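K.L.:
Just so you know, the sequences run in chain order A and B.
Quick note on numbering: the first sequence equals residues 1 to 175 in the UniProt record's numbering.
Quick note on numbering: the second sequence equals residues 1 to 307 in the UniProt record's numbering.
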Amino acid sequence: MSLHFQNHKDSKRKTLTLQQRVTTCRFHSHLHKQKAKAKSRRERERATTTHTETHTHEELFFSLSVMASPARKGGVSLPERRNPKKDDGGDGVIARISQSQILARGKQVTSDAGYVAKKLLKSTGKAAWIFGTTFLILVVPLIIEMDREQQLTELELQQANILGTSAGGSAPPAK
Amino acid sequence: MAGLVPPPPTAPDTPKQNERVDYLNLPCPIPYDEISREAYMSLKPELFEGMRIDFTKGLNQKFSLSHSVTMGPTEIPSQSTETIKIPTAQYEFGANFLDPKLMLVGRVLTDGRLNARVKCDLTENLSLKANSQLTNEPHMSHGMASFDYKGKDFRSQFQLGNGALFGANYIQSVTPNLSVGGEVFWAGQHRKSGIGYAARYNTDKMVATGQVASTGVVAMSYVQKVSDKVSLASDFMYNYLSRDVTASFGYDYILRQCRLRGKIDSNGVAAAFLEERLNMGLNFILSAEIDHRKKDYKFGFGLTVGE
């Protein structure tokens, strides 16, 4: 898109100013339209944000350049000189674009991660519920009954000991 | 003490001799219908929902009466996948006559259904078993009679049912541990016939059975007696016509004060059944069944009074 604007600028200047104004106006309206339309879709929003960002950056830049162009007329070098500046500015814009791409990508990744984490949490919850209720039904009565059985055997062992000792204790005196 | 002679070395040979001789002296096999009874006892307890109170009163040594009250939701078979439950309550009166040679059991329900069972030993080897269920609704009553002949190392049975149902089965002991058998049946009303084979291998510690039938059912079961109190059972059923597979695994703890059976299924069903002895002749029963797939939960409690 930036290259497109450059071509416009280099080819015709006077008409370009008008054209550029028209294009900036168009882009303004375009921006507004896009902003209004794209609320439902994330990618579009992202695209429009990137686009809007580029557009805002570019339109600012070109409005500045349009105003400054009559002063900088002359010489082939000037456009060339402008190019590094433009490149810097373009780099700045590109940097901003890439940054915003990274930002957009980061946003997408975090939202995907959040979605996956939510699903994982839900399925873990389901599994925990199934495991918990099955454990309650199958294992808890078993533990209770085995404990009771153990208590009963201990009691019987104790009683047997008492009976054994009392019989042993009483037998020798009887003899 | 020095005059003791060491035991003769032929002692380990006698079991082998016993094994050789025993082919003429094989034990009588388990009846064909009960070929996997250990697995069924462990894995298929009588789960119920609601409240159940059974009272058995013995009037005589041979004769007893029983009263039973059940209240709770009963499932109605419905076409849709949802289970429809309707709360019902019923009272069942029954009379039992038990004799070494003759057993008569009858039950009457409040909705007019009558169950009757007869088991009679006609001679030493031939016995007759009959059961019938009569209802008020027309064409819903059915009855079945079977003649069992018990041989030295085989059993054979011939069954007759209403609706032109004929069946016959035969089971033979092949080795002291292994018995194999087969059955045929013919249902006149549905114009279906089938043939099936079964085998059972049991030792003191384990029982393994396998069954194949032309109705498309392949069933295998294995029961291991881990100790005299604990046994573990597993069961596998595959219907190759309807592509239905079920595997279940269960335990059976027979302790002094209680009997606890638990089972888990591949259909996502976990069930437990506890019979606790509160007092002499007083048993407290608890039943639980959780079906995770259909989200159907059934819990029941009850009391069994009497021997």
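Here a beta-carbon is modelled for each residue, glycine too, at the ideal position from N, C-alpha and C.
All values derive from a computational prediction rather than experimental measurement.
Where does B:V226 fall in DSSP's three states?
P.N.:
If DSSP states are grouped into helix, strand and coil, B:V226 belongs with coil.
K.L.:
How would you call B:G250, buried or exposed, if buried means at least 16 neighbouring beta carbons within 10 angstroms?
P.N.:
Answer is buried; the Cβ neighbour count reaches 16.
K.L.:
Can you give me the Cβ contacts of B:T215 inside the same chain, cut-off strictly under 7 Å, excluding the 5 residues immediately before and after it?
P.N.:
If we look at B:T215 and ignore the five residues flanking it on each side, its Cβ neighbours are G194.
K.L.:
In this structure, how does DSSP classify B:Q79 when only helix, strand and coil are distinguished?
P.N.:
Reduced to three states, the DSSP call for B:Q79 is coil.
K.L.:
Which residue from B:T88, B:F147 and B:G94 puts its Cα closest to that of B:Y32?
P.N.:
Cα-wise, what sits closest to B:Y32 is B:F147.
K.L.:
If you run the structure through DSSP and keep just helix, strand and coil, what is B:G268?
P.N.:
B:G268: coil per DSSP, three-state reduction.
K.L.:
Are the segment 44-64 of chain B and the segment 236-243 of chain B touching by the rule of at least three beta carbon pairs closer than 8 Å?
P.N.:
The segment 44-64 of chain B, when compared against the segment 236-243 of chain B, does not touch it at the 8 Å Cβ threshold.
K.L.:
I want to verify the contact list: residues of chain A whose CB lies under 7 Å from the CB of B:R256, in sequence order.
P.N.:
Correct list: E149 and L152.
K.L.:
Using a beta-carbon distance below 8 Å, is B:G262 in contact with chain A?
P.N.:
Judged by the 8 Å Cβ criterion, B:G262 is in contact with chain A.
K.L.:
Please classify B:K263: is it buried, with 16 or more other beta-carbons within 10 angstroms of its beta-carbon, or exposed?
P.N.:
The residue is buried, with at least 16 neighbouring Cβ atoms inside 10 Å.
K.L.:
Should B:Q133 and B:A164 be called a contact, given that it needs their Cβ atoms to be closer than 8 Å?
P.N.:
For B:Q133 and B:A164, no; Cβs fall outside 8 Å.
K.L.:
By the three-class DSSP mapping on this structure, what secondary structure does A:K118 have?
P.N.:
Here A:K118 sits in helix by DSSP.
K.L.:
Any C-beta of chain B sitting closer than 8 Å to the C-beta of A:L142?
P.N.:
Taking Cβ atoms only, chain B reaches closer than 8 Å to A:L142, which makes this a yes.
K.L.:
I want to see whether chain A comes within less than 8 Å of B:I290, judged by CB atoms only; does it?
P.N.:
Yes - at least one Cβ of chain A is within 8 Å of the one on B:I290.
K.L.:
Identify which residue in A:Q158, A:L136, A:W129 and A:L121 has its Cα closest to the Cα of B:A271.
P.N.:
Selected option, being the one with the closest Cα: A:L136.
K.L.:
Give the straight-line distance between the Cα atoms of B:S42 and A:V109, rounded to the nearest whole angstrom.
P.N.:
Cα to Cα, B:S42 sits roughly 53 Å from A:V109.
K.L.:
For B:H142, which beta-bridge partners are listed by DSSP?
P.N.:
Beta-bridge pairing links B:H142 to B:Q133.
K.L.:
Closer than 8 Å is the cut-off here; do at least three beta carbon pairs connect the segment 33-40 of chain B with the segment 210-225 of chain B?
P.N.:
Yes, they touch.
K.L.:
For the beta strand (DSSP E) containing B:E38, name the first residue and the last one.
P.N.:
Here B:E38 belongs to no beta strand (DSSP E); instead the alpha helix (DSSP H) covers R37 to L43.
K.L.:
To the nearest angstrom, report how far apart B:T70 and B:R113 are at their CA atoms.
P.N.:
Looking at the two C-alpha atoms, the distance is approximately 15 Å.
K.L.:
Quick one: list the residues of chain A neighbouring B:L47, beta-carbon separation under 9 Å, in chain order.
P.N.:
Residues of chain A passing the Cβ test: none, with the nearest at roughly 11 Å.
K.L.:
B:L43 CB to nearest chain A CB: under 8 Å?
P.N.:
Not one chain A Cβ lies under 8 Å of B:L43.
K.L.:
State the Cα-Cα distance for the pair B:N131 and B:M237, rounded to the nearest angstrom.
P.N.:
Near 27 Å, if we compare the C-alpha coordinates of B:M237 and B:N131.
K.L.:
Do B:P29 and B:S227 have their C-beta atoms closer together than 8 Å?
P.N.:
It is not a contact, given that the beta carbons lie outside the stated cut-off.
K.L.:
Between B:Y253 and chain A, is any beta-carbon pair separated by less than 8 Å?
P.N.:
Cβ-Cβ to chain A under 8 Å: yes for B:Y253.
K.L.:
Where does the unbroken beta strand (DSSP E) through B:P87 begin, and where does it stop?
P.N.:
Start and end: I84 to L98.
K.L.:
Pull up the distance between the alpha-carbon of B:S173 and that of B:R191, whole angstroms please.
P.N.:
Cα to Cα, B:S173 sits roughly 32 Å from B:R191.
K.L.:
At least one CB of chain B closer than 8 Å to the CB of A:T133: is that the case?
P.N.:
A:T133 counts as touching chain B.
K.L.:
Return no unless some Cβ of chain B is closer than 8 Å to the Cβ of A:L120.
P.N.:
It does not; no Cβ of chain B falls within 8 Å.
K.L.:
Can you pull the chain B residues whose beta carbon is under 7 Å from the beta carbon of A:I130, in chain order?
P.N.:
Within 7 Å Cβ-Cβ: H292.
K.L.:
Does the CB of B:L274 have a neighbour CB from chain A at under 8 Å?
P.N.:
True, the Cβ-Cβ gap to chain A drops below 8 Å.
K.L.:
Does the beta carbon of A:L138 come closer than 8 Å to any beta carbon on chain B?
P.N.:
True, the Cβ-Cβ gap to chain B drops below 8 Å.
K.L.:
If you compare alpha carbons, which of B:T88, B:L232, B:G143 and B:E124 is closest to B:K101?
P.N.:
The residue with the shortest Cα to Cα distance from B:K101 is B:E124.
K.L.:
Using a cut-off of 7 Å between C-beta atoms, extract the partners of B:A270 located in chain A.
P.N.:
Near B:A270 (Cβ distances below 7 Å), the residues of chain A are T134, I137 and L138.
K.L.:
Report the rounded CA-to-CA distance for B:T83 versus B:F48, giving the unit in angstroms.
P.N.:
Spanning the two alpha carbons is a distance of roughly 15 Å.
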